[in-house]
Every structure is written in structure tokens, then in C-alpha cells.
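Below is one structure; the comments refer to it alone.
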Amino acid sequence: MTGASRTYSKTSTVPRRPFESARLDQELKLIGEFGLKNKKEIWRVGLTLSKIRRAARELLKLDEKDPRRLFEGNALIRRLVRIGVLDESRMKLDYVLALKIEDFLERRLQTQVFKLGLAKSIHHARVLIRQRHIRVGKQIVNVPSFIVRLDSQKHIDFALTSPLGGGRAGRVKRKRAAAGAGGDDAEDDEE
1323 MTGASRTYSK TSTVPRRPFE SARLDQELKL IGEFGLKNKK EIWRVGLTLS KIRRAARELL
1383 KLDEKDPRRL FEGNALIRRL VRIGVLDESR MKLDYVLALK IEDFLERRLQ TQVFKLGLAK
1443 SIHHARVLIR QRHIRVGKQI VNVPSFIVRL DSQKHIDFAL TSPLGGGRAG RVKRKRAAAG
1503 AGGDDAEDDE E
């Protein structure tokens, strides 16, 4: 009768000071640059970044030869390198503390679709993703905030079912094709 209990945790944190003009300007710039829907998307990434930085700070407090620091530090760095936030040349915990929100926003599927030239603008990229025109590998992804791994980046393309990717033609195109075919037959009958 009782299912497995699930604990939920917050996905974003609101800023302590609601009307800080410098922060408001920076958030507005990020929303425009990365085509975000609202500020909650920035705050969500900010929370993820703060958790990663907190973990790095805790590990940096430990001794350099500490087995926990070696094991967890390497795991954290490897994870960040895999998603493309950290370069292979900067694989140290000190560089994890220097990460910015922009580094994570750069790895979103929406940004990658625009950078690859599949969309005309960053906003068009979001629309294409939501309308299921984009796939990563063989899987259609319709979440603009999907974090693209480095090895998946080269597999971003139009979906096989999408009219943009050579799939079935869209509704209007099919209607015009039918009208064009029907129009030709009518002219033949008149002659």
C-alpha cells in the first residue's frame, strides 16, 4: 500500500537581495545571450555550480595525499571534463572554483544547436528542440536545458522523423503538393 518514499530537494535558489541592479543586468544579459525562458533557469544552473564548487572547496581543505581527496576529486574533475565544462589542460580542483555560470550554459543543447548552425537564432534553436526536430545520437531530445556531453556533441542532428531531417513533409507542404497534383489533373480534363 505504501510506495517507496521519495525526498524532493530544491532545484533552484532565489537571490538573497531581490533588487540588486548589477545582478539584474547580468541576468538579463545571460537570458538574451543564451535564449533562456526565465531567470529560474539561471538560478537552477547557479545552484548546480554552487554545489560543485562547495564539493571542490571541501576537498581542497583535505591534505593533498588524502585518499578521499584523490578519489572524489578525480571523480568530480572527470565528470566536469566529460560534459565539457573543464578543459583537459585544467584538470585541477583549483580550476573548478574558477568555473562560471556561462560555462554551464554553453553546454546546453539549445546553445549547441545554435552554434552548430542547425538554427537561425538561439530562440529558433529552442523552438526546434521543443518541437522534437533535434536528436542526440538516435534519441530525440525535447529539453532545451539538456547538458550535452563532449562525446555526444558530434551526434547532434535533425531527427529522422522531422521534415527538416528528410522525414515526412510538413502539413502545409503535403497540402500544397496535393493541390498541385489535383490542379494538374483538372487542367488535363478541360483540354
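Sequential numbering from 1323 applies to the sequence shown in the working numbering.
For every residue, glycine included, the Cβ atom is placed at its ideal position computed from N, Cα and C.
Predicted model, so just to flag it, every value in this text is computed and none were measured.
Arg1328 to Asn1464 span [Cα, whole Å]: Counting from 1 along the sequence shown, the entry for residue 1328 is found at position 6. Counting from 1 along the sequence shown, the entry for residue 1464 is found at position 142. When rounded, the distance between both Cα atoms is 26 Å.
Close Cβ partners of Leu1381 (< 8 Å) along its chain, the five nearest in sequence each way excluded: For the purposes of this step, residue 1381 is taken as the residue at position 59 of the sequence shown. Closer than 8 Å at the Cβ level, and outside the excluded window around Leu1381, lie Arg1390, Arg1391, Glu1394, Gly1395, Leu1398, Leu1415.
Residue range of the unbroken alpha helix (DSSP H) whose run includes Val1418: Position 96 of the sequence shown, counted from the start, is the residue given in the question as residue 1418. Val1418 -> alpha helix (DSSP H) spans 1415–1419.
As assigned by DSSP and simplified to three states, the class of Asp1385: Along the sequence shown, read from residue 1 onward, the residue named residue 1385 stands at position 63. Three-state DSSP puts Asp1385 in coil, outside helix and strand.
Unbroken alpha helix (DSSP H) run spanning Asp1347, endpoints: Translated into the one-based positions of the sequence shown, residue 1347 becomes position 25. Its alpha helix (DSSP H) spans residues 1343–1356.
Assigned secondary structure, Phe1480 (DSSP; H/G/I helix, E/B strand, else coil): Position 158 of the sequence shown, counted from the start, is the residue given in the question as residue 1480. Here Phe1480 sits in strand by DSSP.
Arg1366 beta carbon less than 9 Å from that of Ser1334: Walking along the sequence shown from the start, residue 1334 turns up at place 12. Walking along the sequence shown from the start, residue 1366 turns up at place 44. In this structure, Arg1366 lies closer than 9 Å to Ser1334 by Cβ.
Between the CA atoms of Val1470 and Leu1350 - distance to the nearest angstrom: Position 28 of the sequence shown, counting from 1, holds the residue named residue 1350. Position 148 of the sequence shown, counting from 1, holds the residue named residue 1470. About 24 Å.
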